[in-house]
Amino acid sequence: MKNSIVLSLLFVVILNYSCAQDAENKATTPNSPVFKAELFVDELQIPWGFTFLPDKSILITEKGGELIHFLNGKKSIIGNIPEVYQRGQGGLLDIALHPNYNENGWIYLTYASSEGEEKGGHTALMRAKLDNNSLTNIEQLYKAVPNTTKGQHFGSRIAFDNDGYLYFSIGERGNRDINPQDITRDGGKIYRLYDDGRIPEDNPFVDVDGAKTAIFSYGHRNPQGLIKHPITGEIWDNEHGPRGGDEINIIKKGANYGWPLTTYGINYSGTPITDETTMEGMEQPIHYWVPSIAPSGMAFVTSDTYKDWKGSLLVGSLAFQYLERLVLEGDKVVKREKLMADLGRVRAVQEGPDELIYVAVEGKGIYKLIPIK
Amino acid sequence: MKLILPLYVLTVFTLGFLLYQESGLKESIKKGSEIYTDFCVNCHLDNGKGVPFTYPPLAKSDYLEKTREASIHAVKFGLQGEIIVNGLTYNNTMTSLGLEDEEIANVMNFIMNSWGNTQTKMVTEKEVSAIEK
């Protein structure tokens, strides 16, 4: 009798899992490809982030600590970049241009930095200008504390919204039970600043005693995708879950995204972290992946360059080594496609000024997707 | 009779040394398991089996068994390009992890004594520091 109860309970549990939202294997491979991938920038190690300058040349961050300028088919190394803390997932991370770059010339970078008293490192944000193949006017805008020798979860991505606010992400630095839910500590957060590093007066926690007032949202694990929605202007992130439970979230002011109190994932060892996938006062992802694809990079397709792609979201998969296209209806994922299979770990994706999609793959380089008409 | 004392001393010292080494290895494995959780587990997984064709296994890995020096080199400086592990081809990138030599020795000892792996010779900090790029 007892057994039958256990069995029926198990059945319910299994049923629950099988009803869980679409898994990796439900990403379909399109029958007729709409593009051909052409290697545009070759021989890159870990191209973490990249951005296009007005002359259509590309600035590329290598995690190993190099900033590369790719102009007319040639690479040159940009000098005077900050010292980068190399450990685990830390290194030189994302790069973004100021929305008014043409007028002010500001370039923003995130990186792991060992600056500070304690041993180890934490994520920092800086801005600088580019002059004669070298960074000048360097200003550090944020440095998370305290340093730690943990190797995980530095984040990081940078995005600007329509009002000129700067957002950037920092992962929870391997301190999941402390950092993400504590707004007096750095890590596991998405931050919002003015473009010069000042803290906006209406940030959600400016009046909270001891809070890190740059925080815009919390309860994140390790966001490595951050982008402005081209129509709504909202900021979207994607973040790594543990084993299972990678997420896409729409970032709201002051909101708690639940980690590690709610998650669709489990520990790497297979043991549960929590039974909760929802909790009052905590945001739900608009999409989650079980098993984890290990998402990195994110771009919306805003043009009709590729057949039927307009409005889709592109996300890189590190673990399964492909580019995923998510077809959206509003903020609902209705279909997923697996593209560029087995090319390598997809680290970053961008829509270029020529409306073509560029995809950075570890150990390979940056691919340009040439549409097939 | 004259031999007994030196023999006794020698035995005590030998036993002491062996036990000391043993506890050194145990300590190293323990520290190594923490490094593993920090730096390795999200790709190579808790069971050391990795992901076929993506992340090579460390459990019962012939690569690890046959190429001790290259394995340490990979942890120290990273690894890129094609390797064959237990008959499967892997072509991926592992970055340099930025670990100290002592940490590398510890995590190697953990890996080489877990999931059915049994090494005969402990990895030491000295051995790791001798391996150059």
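Those protein sequence lines, which keep their order, are chains A and B. Residue numbers are given in the working numbering: position 271 of the first sequence equals residue 271, and the series is strictly consecutive. Numbering-wise, the working numbering comes out as the position in the second sequence, counting from 1, plus 1000. The C-beta atom is built at its ideal place from N, Cα and C for all residues, glycine as well. Please read these numbers as outputs of a predicted model, since none were measured by experiment.
Close beta carbons around residue i, own chain, < 6 angstroms, minus the five adjacent residues each side
i	result
residue 980 of chain B	Within the shown structure, residues of chain B are numbered from 1001 to 1133, placing residue 980 of chain B beyond reach of any answer.
residue 108 of chain A	96, 127, 158
residue 1123 of chain B	1105, 1108, 1109
residue 338 of chain A	27, 29, 322
residue 118 of chain A	146, 147
residue 154 of chain A	89, 90, 112, 123, 171
residue 362 of chain A	46, 344, 345, 347
residue 169 of chain A	155, 156, 157, 190, 223, 226
residue 1059 of chain B	1048, 1049, 1115
Secondary structure of residue i, DSSP reduced to three states
i	result
residue 1068 of chain B	helix
residue 1073 of chain B	helix
residue 107 of chain A	strand
residue 134 of chain A	strand
residue 250 of chain A	strand
residue 295 of chain A	strand
residue 1033 of chain B	helix
residue 40 of chain A	strand
residue 1026 of chain B	helix
residue 26 of chain A	helix
residue 1013 of chain B	helix
residue 1004 of chain B	helix
residue 237 of chain A	strand
residue 102 of chain A	helix
residue 182 of chain A	coil
Host alpha helix (DSSP H) of residue i (start-end)
i	result
residue 1108 of chain B	1101-1111
residue 1126 of chain B	1125-1130
residue 1044 of chain B	1041-1044
Same chain, Cβ closer than 7 angstroms to residue i, neighbours up to 5 away in sequence not counted
i	result
residue 353 of chain A	52, 56
residue 134 of chain A	78, 79, 80
residue 15 of chain A	Any answer about residue 15 of chain A is weak, because its pLDDT of 42 lies below 50 and its placement is not dependable; what the coordinates show is given next. Cβ neighbours of residue 15 of chain A beyond the five flanking positions: none.
residue 1128 of chain B	1072, 1076, 1101, 1104, 1105
residue 370 of chain A	35, 36, 38
residue 250 of chain A	234, 236, 286, 331
Within chain B, partners of residue i - CB distance below 8 angstroms
i	result
residue 306 of chain A	Ordered by position in chain B, no residue passes the 8 angstroms Cβ test against residue 306 of chain A, which lies about 27 angstroms from the chain.
Where the beta strand (DSSP E) containing residue i begins and where it ends
i	result
residue 333 of chain A	332-339
residue 376 of chain A	With chain A running from 1 to 373 in the structure shown, residue 376 of chain A is simply not present.
residue 1091 of chain B	1088-1094
residue 287 of chain A	287-289
residue 212 of chain A	Run containing residue 212 of chain A: none; DSSP gives neither H nor E here.
residue 63 of chain A	Where residue 63 of chain A is concerned, there is no enclosing beta strand (DSSP E), given that its DSSP letter is neither H nor E.
Cross-chain neighbours of residue i in chain A, by beta carbon under 7 angstroms
i	result
residue 1039 of chain B	88, 151
residue 1042 of chain B	268
residue 1116 of chain B	Within 7 angstroms Cβ-Cβ: nothing; residue 1116 of chain B doesn't reach chain A, min ~17 angstroms.
residue 1024 of chain B	Under the 7 angstroms cutoff, chain A gives no residues; its nearest Cβ is about 22 angstroms from residue 1024 of chain B.
Neighbour list for residue i in chain B, Cβ cutoff strictly below 7 angstroms
i	result
residue 269 of chain A	1046
residue 362 of chain A	1093
residue 63 of chain A	1095
residue 321 of chain A	1054
residue 174 of chain A	1038
residue 46 of chain A	1093, 1095
Contact set between residue i and chain A, taken where Cβ atoms lie within less than 9 angstroms
i	result
residue 1119 of chain B	Under the 9 angstroms cutoff, chain A gives no residues; its nearest Cβ is about 23 angstroms from residue 1119 of chain B.
residue 1050 of chain B	Neighbours of residue 1050 of chain B on chain A: none; closest Cβ ~11 angstroms, over 9 angstroms.
Beta-carbon neighbours of residue i, restricted to chain D and to distances below 9 angstroms
i	result
residue 1088 of chain B	The displayed structure is made up of protein chains A and B, and chain D is not among them.
Residues near residue i by beta carbon distance below 8 angstroms, same chain, minus five either side
i	result
residue 261 of chain A	181, 219, 274, 276, 279, 282
residue 1096 of chain B	1076, 1077, 1078
residue 1024 of chain B	1122
Chain-ordered chain B contacts of residue i [CB-CB under 9 angstroms]
i	result
residue 221 of chain A	Those do not exist, as residue 221 of chain A stays about 11 angstroms from chain B at its closest Cβ, beyond 9 angstroms.
residue 336 of chain A	Simply none; closest approach about 19 angstroms.
Is the number of C-beta pairs between the segment 71-78 of chain A and the segment 92-111 of chain A that are closer than 8 angstroms three or more? No contact exists between the segment 71-78 of chain A and the segment 92-111 of chain A.
Check: Using 8 angstroms as the threshold, is the segment 256-269 of chain A in touch with the segment 279-295 of chain A, meaning 3 or more CB pairs across them?
Finding: Contact between the segment 256-269 of chain A and the segment 279-295 of chain A is present, because at least three Cβ pairs lie under 8 angstroms.
Would you say the segment 106-121 of chain A touches the segment 175-183 of chain A, given that touching needs at least three Cβ pairs under 8 angstroms? By the Cβ rule, the segment 106-121 of chain A does not count as touching the segment 175-183 of chain A, because fewer than three pairs are nearer than 8 angstroms.
*asked:* Quick test of the definition: if touching needs 3 or more C-beta pairs under 8 angstroms, does the segment 1074-1082 of chain B touch the segment 341-359 of chain A?
replied: Counting Cβ pairs under 8 angstroms, fewer than three are found: no touch.
query: With a cut-off of 8 angstroms, do at least 3 Cβ pairs link the segment 241-249 of chain A to the segment 193-207 of chain A?
result: Three or more beta-carbon pairs separated by less than 8 angstroms are not found between the segment 241-249 of chain A and the segment 193-207 of chain A, which leaves the two stretches without contact.
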